[in-house]
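Chemist:
In the working numbering, the protein residues as written are -19 to 628.
1. What is the DSSP secondary structure of residue 61, reduced to helix, strand or coil?
2. Within a Cβ cutoff of 7 Å, which residues of the same chain sit near residue 46, ignoring the five residues on either side of it in sequence?
3. Can you tell me whether residue 306 is buried or exposed? The criterion is at least 16 other CB atoms within 10 Å of its CB, across all chains shown.
4. Among residues of its own chain, excluding the 5 on either side of residue 113, which ones have a beta-carbon nearer than 7 Å to its beta-carbon?
5. Whole angstroms are fine: how far does the CA of residue 180 sit from the CA of residue 229?
6. Using a Cβ-based criterion (distance less than 7 Å to any ligand heavy atom), does residue 4 qualify as near the ligand SAM?
7. What's the call for residue 372, buried or exposed, on a 16-neighbour Cβ count within 10 Å?
8. Closer than 7 Å by C-beta to residue 580: which residues in its own chain qualify, once you throw out the five before and the five after it? Chain order, please.
9. For chain D, find out if any of its Cβ atoms is closer than 8 Å to the Cβ of residue 371; answer yes or no.
10. As an exercise, report each continuous beta strand (DSSP E) stretch of at least 3 residues that is fully enclosed by the region 364 to 416, in chain order.
11. By a C-beta neighbour count over all protein chains shown, 10 Å radius and 16 as the cutoff for buried, is residue 605 buried or exposed?
12. If we call anything under 8 Å between Cβ atoms a contact, is residue 435 one with residue 415?
13. Count the CB pairs spanning the region 185 to 203 and the region 382 to 398 that are closer than 8 Å, and state whether there are at least three.
14. What did DSSP end up calling residue 346 once you bin it into helix, strand or coil?
15. Please tell me whether residue 363 and residue 334 are closer than 8 Å, where the distance is taken between their beta carbons.
16. Within a Cβ cutoff of 7 Å, which residues of the same chain sit near residue 35, ignoring the five residues on either side of it in sequence?
17. Can you pull the DSSP bridge partners for residue 7?
18. Considering Cα atoms alone, identify which of 290, 487, 354, 296 is closest to residue 316.
19. For residue 601, which residues in the same chain have their Cβ closer than 7 Å to its Cβ, ignoring the five residues on either side in sequence?
20. By the DSSP assignment, the alpha helix (DSSP H) with residue 431 in it spans what residues?
21. Could you spell out the range, first to last residue, of the alpha helix (DSSP H) harbouring residue 126?
22. Quick one: what does DSSP say residue 547 is sitting in, helix, strand or coil?
23. Do residue 505 and residue 484 have their C-beta atoms closer together than 8 Å?
24. Below 8 Å between beta carbons: does that hold for residue 140 and residue 71?
25. So what's residue 295 in DSSP terms, helix, strand or just coil?
26. For residue 347, count the other beta carbons within 10 Å of its own beta carbon; 16 or more makes it buried, fewer makes it exposed. Which is it?
27. For residue 622 and residue 616, what's the separation of their Cα atoms in angstroms?
28. Here's the rule I'm using: 16 or more other beta-carbon atoms within 10 Å means buried, otherwise exposed. How should residue -19 be labelled?
29. Here's a check: name, in chain order, each residue in its chain whose Cβ is nearer than 8 Å to the Cβ of residue 613, leaving out the five neighbours to either side.
30. Can you list the alpha helix (DSSP H) stretches of 4 or more residues lying completely in the region 227 to 301, in chain order?
31. Roughly how many whole angstroms lie between the Cα atoms of residue 252 and residue 267?
32. Give a yes or no on contact between the region 5 to 22 and the region 453 to 461, applying the rule of three or more CB pairs nearer than 8 Å.
33. Rounding to the nearest angstrom, what Cα-Cα distance links residue 278 and residue 248 in this structure?
34. Would you tell me roughly how many angstroms separate the C-alpha atoms of residue 318 and residue 118, rounded to the nearest one?
35. What are the boundary residues of the alpha helix (DSSP H) that residue 151 is part of?
36. Kindly identify the DSSP beta-bridge partner or partners of residue 42.
Here it is in structure tokens:
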């Protein structure tokens, strides 16, 4: 069922059109990604759908009683409450229902009421209705739900009584996302929800969101995240909207196929037009062929011209190179302890960075990854241990806070002042490669957006030609296309890389090794991100095996003669039940996959022009979708019960 729909939306700024003729449909359980370059109007569209802004043209309609939650990339909880009190406030209506149910239960126990048959029946009906509502809102499980979501965002029981106004900006943003998840509105609109999340939290969120009961519309530059969570993609490009029935990876492949098909159709028509025009030109003046030429001319006039497919808008042009080679040993850190004012965040950390390696540093938020980089570049002193640079090392540093920029300068002089002997035209050429052209170079640095500042800092870094680049979250403010260009530039870079990132796709493409940081120090993994995940899973499996083999968990040895046989029989029964549960799960998963396919086919049929014009056909298709979604919930519930039984 369509719960929110936008038709022919347009947004203008004076005579400039940001986008026009934009349409979008959100079903009750949609998982939609909205993608497009920075500046195409994604955030503006989300605000329109959330009811925060109004379109200049077009309409937005929603089903009756549909509730919408919206979170932009700067949302944070500001409250005088504690963390737990703030989450509990979400369930105020549920707590009120619980109080009403308690009163209703006490009334049913009243002996005087029992004497009045009609009054008792009415009280019983009221109690049953309250119980139905309580079950619908999971009223008896709200406390475990709060704990589960807070734990997912790395707020533990020791944190529950912390006042929110004492939290960092990143923590308050994570809390805002936790609160929106607990609210469970019919449509949840998220603008860059992954910006302040570490990899562990991202992984948890990717597992949680597919089970969210409502619809989800997401803008994100995290490609792993979009592939894991979404199954529909809307692309904003060239002031318009394109729809793709699949996740981000599907969208990339399908977009390339469509562009190729559209170009072939355009070229075929252009060839036909050229032949018709040539015929008209050669034959219009000859009496014997003038009627044929006039017929061809009319054919040309009536022909519906195919517009030339537009390739992607101009991309950023990033290139890093070195002026001189470093020695083989680029940087070493030995028994390093990092922190501030004597407070140790992590120790001991060992790093042995060699020429042309690319090492990614990962770890939970707050463990000190940025602190480690600032220690390595000697911006802050180590608490203990030593850092050594190798021979002929020129080091460049990218600050995720973009603190290397002077907000009082204009774009041109931000580069030119550091390279005063370089001709102005050469500086402008470099800036043009980073999408600063014409009057853009006269903009104040302080007035730039986050994405523009990121591109400017990368331009400064590229001008230095260092042979060691230390990068702190270099993809944070970049759109997906710019990230891909940056990845290609770093892959082709002939120097050495050490970087912090929570973008798993980026890590996987760039890193040759991964260093994980935690409170107990550093662990080196000799491969890319996928290798790191594989080794982590292997370590966890071995730890679990060791735990099973400890004396505490081993069965007690008894002298009774039949105890071994009893244990053997119990083990056989357990294995038999386990196999049965696994078969059940496989059957349920196959049915869920089949239902998903059927729903996808029906959604695709609903978007066909003939069906969209046929109200009765559209109603019938919607009814089929509703039936399948109801079955989907039942099968999912059964699957969860089977999974719990298997865990036990």
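All C-beta atoms in this analysis are idealised placements derived from N, C-alpha and C, irrespective of residue type, glycine included.
Modeler: According to the data block:
1. Annotated three-state conformation of residue 61 is coil, per DSSP.
2. For residue 46, where only same-chain residues beyond five positions count, the Cβ hits under 7 Å are -17, -16, 166, 167.
3. Result: buried.
4. So the list reads 77, once near-sequence residues are dropped.
5. Roughly 22 Å between the two C-alpha positions.
6. No copy of the ligand SAM appears in this structure; indeed no ligand is present at all.
7. Classification of residue 372: exposed, given that the 10 Å Cβ count is below 16.
8. Taken in chain order, the residues that qualify are 225.
9. Any reference to chain D falls outside this structure, which holds one protein chain only.
10. Correct list: 364 to 369, 375 to 378.
11. Burial call: buried.
12. A contact, by the Cβ cut-off of 8 Å.
13. Of all C-beta pairs linking the region 185 to 203 to the region 382 to 398, fewer than three are shorter than 8 Å, placing the two stretches out of contact.
14. DSSP places residue 346 outside both helix and strand once states are collapsed to three, so it counts as coil.
15. Contact: no.
16. Shown here for residue 35: same chain residues with a beta carbon closer than 7 Å to its own, the five before and five after excluded, namely -11, -10, -9, 28 in chain order.
17. In the DSSP assignment, the residues bridged to residue 7 are -18.
18. Here the closest residue by C-alpha is 354.
19. If we look at residue 601 and ignore the five residues flanking it on each side, its Cβ neighbours are 582, 585, 586, 591.
20. Run containing residue 431: 430 to 444, per the alpha helix (DSSP H) assignment.
21. Note, residue 126: alpha helix (DSSP H), 122 to 132.
22. Per-residue confidence for residue 547 stands at a pLDDT of 49, beneath the threshold of 50, marking its modelled position as unreliable; no derived number is given.
23. For residue 505 and residue 484, no; Cβs fall outside 8 Å.
24. Note that the C-beta distance between residue 140 and residue 71 is not below 8 Å.
25. Coil, per DSSP.
26. Classification of residue 347: buried, given that the 10 Å Cβ count is 16 or more.
27. If I take the Cα positions, the gap works out to 10 Å.
28. Exposed, since its Cβ has fewer than 16 Cβ neighbours within 10 Å.
29. Excluding five sequence positions before and after residue 613, none of the CB atoms of its chain fall closer than 8 Å to its own CB.
30. Counting only runs of 4+ residues, the alpha helix (DSSP H) found wholly inside the region 227 to 301 occupies 228 to 263, 270 to 282, in chain order.
31. Computed Cα separation, rounded: 24 Å.
32. Look at the beta carbons and you see the region 5 to 22 touching the region 453 to 461: at least three pairs across the two are nearer than 8 Å.
33. Whole-angstrom Cα-Cα distance: 19 Å.
34. One C-alpha to the other measures close to 45 Å.
35. Here the alpha helix (DSSP H) through residue 151 covers 149 to 163.
36. According to DSSP, which records beta bridges pairwise, residue 42 is partnered with -16.
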